[in-house]
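Working notes, beginning with the structure itself.
2 protein chains.
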Amino acid sequence: MTTTEPTPGRAATRPDGARSRARILDAAEQLLAERGYAGTGISAISRASGLPASSIYWFFQNKQDLTAAVIERSAEAWLDDLGKADLEGQPGSPLARLFGFAMDKSGATLPVFGRLAILLALELGDRDPDTLERLRKLRRRGNELVGDALEGALADLGPDLAARFGKELAPLATAFAEGGLLVAQFDDGVDPNRLGEDIEVALRAIALHRAQQETR
Amino acid sequence: MTTTEPTPGRAATRPDGARSRARILDAAEQLLAERGYAGTGISAISRASGLPASSIYWFFQNKQDLTAAVIERSAEAWLDDLGKADLEGQPGSPLARLFGFAMDKSGATLPVFGRLAILLALELGDRDPDTLERLRKLRRRGNELVGDALEGALADLGPDLAARFGKELAPLATAFAEGGLLVAQFDDGVDPNRLGEDIEVALRAIALHRAQQETR
DNA sequence: ATGCTAATGTAGTGATCACTACAGAGCGCC
DNA sequence: GGCGCTCTGTAGTGATCACTACATTAGCAT
Numbered sequence: 001m002t003t004t005e006p007t008p009g010r011a012a013t014r015p016d017g018a019r020s021r022a023r024i025l026d027a028a029e030q031l032l033a034e035r036g037y038a039g040t041g042i043s044a045i046s047r048a049s050g051l052p053a054s055s056i057y058w059f060f061q062n063k064q065d066l067t068a069a070v071i072e073r074s075a076e077a078w079l080d081d082l083g084k085a086d087l088e089g090q091p092g093s094p095l096a097r098l099f100g101f102a103m104d105k106s107g108a109t110l111p112v113f114g115r116l117a118i119l120l121a122l123e124l125g126d127r128d129p130d131t132l133e134r135l136r137k138l139r140r141r142g143n144e145l146v147g148d149a150l151e152g153a154l155a156d157l158g159p160d161l162a163a164r165f166g167k168e169l170a171p172l173a174t175a176f177a178e179g180g181l182l183v184a185q186f187d188d189g190v191d192p193n194r195l196g197e198d199i200e201v202a203l204r205a206i207a208l209h210r211a212q213q214e215t216r
Numbered sequence: 217m218t219t220t221e222p223t224p225g226r227a228a229t230r231p232d233g234a235r236s237r238a239r240i241l242d243a244a245e246q247l248l249a250e251r252g253y254a255g256t257g258i259s260a261i262s263r264a265s266g267l268p269a270s271s272i273y274w275f276f277q278n279k280q281d282l283t284a285a286v287i288e289r290s291a292e293a294w295l296d297d298l299g300k301a302d303l304e305g306q307p308g309s310p311l312a313r314l315f316g317f318a319m320d321k322s323g324a325t326l327p328v329f330g331r332l333a334i335l336l337a338l339e340l341g342d343r344d345p346d347t348l349e350r351l352r353k354l355r356r357r358g359n360e361l362v363g364d365a366l367e368g369a370l371a372d373l374g375p376d377l378a379a380r381f382g383k384e385l386a387p388l389a390t391a392f393a394e395g396g397l398l399v400a401q402f403d404d405g406v407d408p409n410r411l412g413e414d415i416e417v418a419l420r421a422i423a424l425h426r427a428q429q430e431t432r
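Read top to bottom, the protein sequences are chains B and V.
Counted the way our numbering counts, the first sequence spans residues 1 to 216.
Counted the way our numbering counts, the second sequence spans residues 217 to 432.
As structure tokens, then:
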């Protein structure tokens, strides 16, 4: 019931086929992140990609399947960025570097996958548990990367505490980042350029606070 | 062009009319907060409210008008709650009390207006500037209330700093709260019950950090 | 009780929805 | 050069979309 496979949804074999598939994914990604699932029609994706609906249904079983592919691909890109940011020897603290990469290149907005994840999770909710679970799993992988960077940022608390709170607080860190970037888009009063620094300060304080609470 | 008034959208004059209007708003509010704008059909609202579509169009001009009314009403309820929480002499710090009220009674979820605002802002975006502006204005009123509570929570920094950072950081506080509650709904690892405390610690640290940065 | 109109019921408008059937184009391989 | 399969173009499916026209019911005032 949860597995899906009526008309397999072919993979591209010829080079122009692969290009078409990518164009469809591009168009669908942009539209889904911008207007949500229900607000994005197949005809709109067809128009934006320049390919007929029959091509869309050649590569993908149905709208859900296409959406799943979009999610997967945009998450891949996001995780790649996070991974790169975590490694390269760049200036700034690990967390600040991470937020530099996490923010969209075009400005101080949520990365596409973040928008997609929040919008789809809100809109589909419990009515599409498959998609929800897919998003959960991908976010968890992101949180692991954030956790590594956070551990680095908390190094001055000592290795034990840093390791523990890096893992423990990673979801909170992404939550704050997403909330901040989200709100910054339609609410002046949140400065996205200070967010990285703010969040780092915030998490260090929270870690210290939790540590103190326990020793007492 | 921005003003809307083709078929005025009557107000209820008879008591049963008022009840019907409220039922329509109830159903629309729940569905909109759950499935978004595009995902909520008039027929679904009709079904959920038990009233025919013609009644919906008796009270409201069109779907946009109905949505605007839903936003306005749910914001009113939200601001009421925030106001009450700010005044009553209850235990806990002002901010923690605020989050107690801000969270939905049914559990640790975003209040309906918060969900509505984020979902609609994400989904409609720049394509519906009227709605966006309406949301902005209501959120600003909420931020004022949060600012007052935050000022109380930062009282130990001295009256000047408390007043300044209460106002300055209020949008960030709501952003963190919204991000946290949002993520907590589909991501374990964020404990909504600790959020109030976490955010208070976070904001105090951020305020101190900013103050220190300036005096140096 | 009668008249007025607020509110509901019924039926339908054209447009768009996701999706399909199927023929034709054009590339890849022998 | 010809065959086969991938991909595209055209056309149309029934269902649902927001919304309307209009007749009918039912509450209120006099």
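Glycine included, each C-beta is placed from N, C-alpha and C at the ideal position.
| Check | Outcome |
| --- | --- |
| Inter-residue CB distance, residue 283 of chain V and residue 397 of chain V (contact presumed, cutoff 8 Å) | Not quite, the Cβ-Cβ distance comes to about 22 Å (not below 8 Å), so this is no contact. |
| CB contact below 8 Å: residue 27 of chain B versus chain V | no |
| C-beta neighbour in chain V for residue 56 of chain B, strict 8 Å | no |
| Sequence ranges, beta strand (DSSP E) only - wholly within the stretch 356-400 of chain V, length at least 3 | none |
| Within 9 Å of chain V by C-beta, residues of the stretch 134-147 of chain B in sequence order | 135, 136, 139, 140 and 143 |
| Short CB-CB distance (under 8 Å) between residue 267 of chain V and chain B | no |
| Simplified DSSP state of residue 277 of chain V, which is helix, strand or coil | coil |
| Collapsed DSSP secondary structure at residue 11 of chain B in the structure displayed | coil |
| Neighbour flag for residue 128 of chain B against chain V, beta carbons, 8 Å | no |
| Proximal residues of chain B, C-beta to C-beta of residue 367 of chain V below 9 Å | None at all; the shortest Cβ gap to chain B is about 15 Å. |
| Span of the alpha helix (DSSP H), counted from its first residue to its last, around residue 412 of chain V | 408-431 |
| Where residue 331 of chain V meets chain B, residues with beta-carbon distance less than 8 Å | 122 |
| Chain-order list of residues whose beta-carbon lies under 6 Å from that of residue 419 of chain V (same chain, five-residue window excluded) | 385 and 389 |
| Where residue 325 of chain V meets chain B, residues with beta-carbon distance less than 7 Å | Residues of chain B passing the Cβ test: none, with the nearest at roughly 11 Å. |
| Within-8 Å CB hit, residue 402 of chain V to chain B | yes |
| Chain B residues whose Cβ lies nearer than 7 Å to that of residue 348 of chain V | 186 |
| Rounded separation between residue 153 of chain B and residue 21 of chain B - CA only | 40 Å |
| Residue 70 of chain B at chain V interface by Cβ criterion, 8 Å | no |
| CA-to-CA distance, residue 201 of chain B to residue 365 of chain V, given in whole angstroms | 21 Å |
| Where residue 36 of chain B sits in the DSSP three-state scheme | coil |
| Range covered by the alpha helix (DSSP H) that runs through residue 46 of chain B | 42-49 |
| Any C-beta of chain V under 8 Å from that of residue 47 of chain B | no |
| Residue 361 of chain V beta carbon less than 8 Å from that of residue 253 of chain V | no |
| For residue 375 of chain V, the nearest candidate out of V:423, V:348 and V:261 (CA to CA) | V:423 |
| Own chain partners of residue 310 of chain V with C-beta closer than 6 Å, once the 5 adjacent residues on each side are dropped | 365, 368 and 369 |
| Per-residue contacts from residue 387 of chain V into chain B (C-beta, under 7 Å) | 183, 187, 189 and 190 |
| Straight-line Cα distance separating residue 60 of chain B from residue 218 of chain B | With chain B represented from 1 up to 216, any question about residue 218 of chain B goes unanswered, as that position is not in the structure. |
| Residue 414 of chain V at chain B interface by Cβ criterion, 8 Å | yes |
| Under 8 Å between C-beta atoms of residue 183 of chain B and residue 394 of chain V | yes |
| Residues near residue 32 of chain B by beta carbon distance below 7 Å, same chain, minus five either side | 40, 67, 70 and 116 |
| Contact list for residue 34 of chain B against chain V, beta-carbon separation under 8 Å | 341 |
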